[in-house]
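**Q** Here it is, the structure, as structure tokens.
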Amino acid sequence: MQAAGPPAVKTRRSTGSLGDIIFEWMCRGAGILVLLTLGGIILTLFLGGLQAFQAFGLSFLTSTDWNPVEGRESYGAFVAIFGTIVTSVLAIAFAVPVAFGVAFFLTELAPPWLKRPVGTAIELLAAVPSIIYGMWGLFVLVPFVQQNIQLAFGETLGAIPLVGFLFASNSFAGTSLFAAALVLAIMILPFIAATMRDVFDQVPPVYKESAYGLGATRWEVMKGVVLPYTRISVVGGIMLGLGRALGETMAVTFVIGNANRMATSLFDPSTTIASIVAMEFPESLNGSLKQSALFALGFLLFVISFVVLATSRYLLRSRLKA
Amino acid sequence: MSITTAQMMAGRDPAAAKSLGRRRHRADLIVTYACYAATAIGLLFLASILATLVWRGAAALDWTVFSKEFEPTTYGDPTAPRGGLLHAIVGSLIQTAIGTAIGTPIGLLVGTYLAEYARTSPLGNAVRFVSDVLLSAPSILIGLFIYTLVVLPLGGFSGWAGSLALAIIVVPVVVRTTEDMLQLIPNTLREAVIGLGAPKWKMITLVCYKAALSGIATGVLLAVARIAGETAPLLLTSFGNNVVTGDLSNAMASLPIAIYQQANSGFPDLIEIAWAGALIVTAGVLFINVVARVLLRSRH
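The structure is reproduced here in structure tokens:
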């Protein structure tokens, strides 16, 4: 489709050539506006954060301080970066196996009459606004984590030497890194599942039929034919989910507890870049060092998610062209 | 699939063949059931979210929600006036409408540029890449951008700022569907129009848009559904308000912000109203999504 292109048409100069020039430049101008928007976002975040970058230098990245007290102001990004990465990576770890199961079910296992309703239901899960996930997370998931998962994990895994501290927490509010990762996992599940389903569907049937003809089971066809054929796109889909998880704001803000200190346990409250900006920005003073630190955090989030999203798009390019 | 020793053995030994067959069959069954379970888990979450919304939302949903502005908590006093979400509903409708009205034409033009003028040009590829990145970029960063660009110069949070932030989110959604739908149009149709002597811009606006109309409309609907529930960028742009206002130069309420504030208030009566708001938003968003799907399916 990409290569085909529209017919190269030279219209006669007399009729409508002015209209053509105007319309083409309107389209091109809108395209350039999109580029300018992205450039503007990068620039405002960087300039906004410049004051903080200058004040703290590289230690901004490694400091765990978050002290707005006048005269002793000190801000560091490490807690938020750490929270962002831990919740997103955990969310991927939770979501990928389930998403793979859903995609395998939708492409190979489900009877035809079940494919469409289940596929639609999973896609609707992606349409639910993030604030709803946040509210559901706060009032349903957090109490569940608090009463069932945290206690059970703390009593069993918490006793393991060396790594036990990861599961034992002094905070019993239930709002925690773990709860945030769980909500994120549910949110990105439909994105990853839909991408996987689409790429699984693109495997030429003849490959699969050959394997079935040799007597392979469905799982062997998936493992030996479909996954090797689609693995780059599958990784691209996972990166897309990761990109979403990194920048998700409202759902995380509701359930992570918004504590600006290092978490030692999965069940400790913490914060992420997006949620610290959402929580603190509206009450920060214009031109203050704190506001600049929040811009700087936004800039870091932009860089991280840009790299992840660009990688995802690069890996998925074969799918885009198909 | 490389051939394992067991499989080579199985070729000769009937007993080994049987056991290998059983093992393969068992592995297949385990994975199959695991996938059934995974799908059930996914559906369970959707069901749990919807059930919670309907159960908690419907309990609080009455005419007051649609007809009254914000009121502080009643502290359980039945004589105190109960508040509603009228301010938020009005604010959401206004900002969503303006955001869509600004973002749609831009997205349409960009999609047209990518499909009709720049399928392979470097500028086209750059625009396509950036639009795709914006599609998944953290929306709170768009809030920070509009804060610097609009809120600071105008000296305060405003409905205009909120609408503009939403417009930026609309653009990439409309670009994606417009480009996809225009690319589905067969070139023979374009050649026929050009062959009749029509200029290219008339070919695009009068023929291609018409042929892709239902697809483009789907894109716009999906964009509306996306911004109707968008919260993070509004927090930094239109901020929220407690009264009904049509004044776009002032802070403006919106449903997601009202839900966020009331759900975190800690007062049971306000949390109840937040659930009613959550039910309204979700019902609206899912309804628009279903309509968009039906529209797209009727085409094929």
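Going down the list, the protein sequences come from chains X and V.
Residue numbers for the first sequence, in our numbering: 1 to 322.
Residue numbers for the second sequence, in our numbering: 1001 to 1300.
Built from N, CA and C at the ideal position, the CB exists for glycine as well.
#1: May I ask you to report which of helix, strand or coil DSSP gives Met262/X?
#2: Just the chain V side, please: which residues come within less than 7 Å of Phe104/X by C-beta, in chain order?
#3: With DSSP run on the structure shown, which of helix, strand or coil describes Tyr75/X?
#4: Quick one: list the residues of chain X neighbouring Leu1286/V, beta-carbon separation under 8 Å, in chain order.
#5: Would you mind reading off the limits of the alpha helix (DSSP H) that contains Ile1216/V?
#6: Pairing CB atoms from the region 1249-1260 of chain V with CB atoms from the region 1085-1094 of chain V, are three or more of them under 8 Å?
#7: What residues of chain V sit near Thr249/X, judged by a beta carbon separation below 8 Å?
#8: Below 7 Å between beta carbons: does that hold for Ala193/X and Ala91/X?
#9: So what does DSSP say about Ser270/X, is it helix, strand or coil?
#10: What residues are listed by DSSP as bridge partners for Phe1239/V?
#11: What three-state label does DSSP hand Gly257/X in the structure shown?
#12: Nearest to Val98/X by CA position, among Ile273/X, Leu285/X, Phe191/X, Phe306/X, is which residue?
#13: Should Lys208/X be labelled buried (16 or more other beta-carbon atoms within 10 Å of its own) or exposed?
#14: Give me the chain V residues within the contact set of Arg313/X, using Cβ-Cβ distance strictly less than 8 Å, ordered along the chain.
#15: Using a cut-off of 8 Å between C-beta atoms, extract the partners of Arg231/X located in chain V.
#16: Below 8 Å on the Cβ atoms is my guess for Gly236/X versus Leu151/X; work out the distance and round it to an integer in Å.
#17: Based on Cα-Cα distance, which residue from Leu43/X, Ala52/X, Ala80/X lies nearest to Thr272/X?
#18: Tell me which same chain residues have a C-beta within less than 6 Å of the C-beta of Ile1146/V, skipping the five on either side of it?
#19: Could one say the Cβ of Asn1250/V lies closer than 7 Å to chain X's Cβ atoms, at least one of them?
#20: Take the Cβ of Gln1262/V as the centre, count every other Cβ of all protein chains shown within 10 Å, and call the residue buried at 16 or more, exposed below.
#21: Bridge partners of Asn67/X, per DSSP?
#22: Using DSSP with H/G/I as helix, E/B as strand and the rest coil, what is Val1285/V?
#23: How many Å lie between Asn67/X and Gly1284/V at the Cα?
#24: Does Lys321/X have its Cβ less than 7 Å from a Cβ in chain V?
#25: Is the separation between the beta-carbon of Asp1269/V and that of Thr1052/V shorter than 7 Å?
#26: Determine the chain V residues that contact Asn258/X at a beta-carbon separation under 9 Å, and present them in chain order.
#27: Thinking Gly1111/V and Glu1179/V are a contact (beta carbons under 8 Å), I'd like their distance in whole angstroms, please.
#28: How many angstroms separate the CA atom of Met1/X from the CA atom of Val1171/V?
#29: Shorter than 7 Å from the beta carbon of Pro1256/V to some beta carbon of chain X?
#30: Just confirm the distance between the C-beta atoms of Phe281/X and Phe178/X, as a whole number of angstroms; I'd bet it's less than 8 Å.
#31: Take the Cβ of Ala322/X as the centre, count every other Cβ of all protein chains shown within 10 Å, and call the residue buried at 16 or more, exposed below.
#32: 7 Å is my cut-off, CB to CB: does Tyr1113/V come that close to chain X?
#33: Taking the straight line between their C-alpha atoms, what separation do you get for Gly238/X and Ile232/X?
#34: Output the boundary residues of the alpha helix (DSSP H) element that contains Ile32/X.
#35: Who are the neighbours of His1025/V on chain X, taking C-beta pairs under 9 Å?
**A** This is what the structure gives:
#1: coil
#2: Cys1035
#3: strand
#4: Leu124, Ala127, Val128
#5: 1213-1228
#6: In this structure the region 1249-1260 of chain V lies against the region 1085-1094 of chain V, because at least three pairs of beta carbons, one per stretch, are closer than 8 Å.
#7: In chain order: Pro1138, Ser1139, Ile1140, Thr1231, Ala1232.
#8: no
#9: strand
#10: DSSP lists Met1252/V as partners of Phe1239/V.
#11: Residue state, collapsed to three classes: strand.
#12: Phe191/X
#13: buried
#14: Phe1129, Asp1132, Val1133
#15: Result: empty, since nearest Cβ-Cβ is about 15 Å, beyond 8 Å.
#16: That belief does not hold up - the Cβ atoms of Gly236/X and Leu151/X are roughly 38 Å apart, past 8 Å.
#17: Ala80/X
#18: Excluding positions up to five away in sequence, the list reads Ala1161, Leu1164, Ala1165, Thr1237.
#19: no
#20: buried
#21: Ser74/X
#22: In the three-state scheme derived from DSSP, where H, G and I count as helix and E and B as strand, Val1285/V is classed as helix.
#23: 42 Å
#24: With a pLDDT of only 49 at Lys321/X, under 50, the local geometry of the prediction cannot be trusted, and no value is derived from it.
#25: Thr1052/V is positioned such that its CB atom lies no closer than 7 Å to that of Asp1269/V.
#26: Chain V residues near Asn258/X: none, gap ~10 Å exceeds 9 Å.
#27: The pair is a contact, with the Cβ atoms about 4 Å apart (cut-off 8 Å).
#28: Legend: pLDDT at Met1/X = 42, less than 50; position of this residue unreliable, no value from coordinates given.
#29: Pro1256/V counts as touching chain X.
#30: With a Cβ gap of about 26 Å, Phe281/X and Phe178/X do not count as contacting.
#31: Low confidence applies to Ala322/X: its pLDDT is 44, below 50, so where it sits in the model is not reliable enough to give any reading.
#32: Between Tyr1113/V and chain X, the shortest Cβ-Cβ separation is below 7 Å.
#33: Checking the sequence shown, residue 238/X turns out to be Ile, not Gly. Taking the straight line from one Cα to the other gives about 10 Å.
#34: 17-56
#35: Thr217
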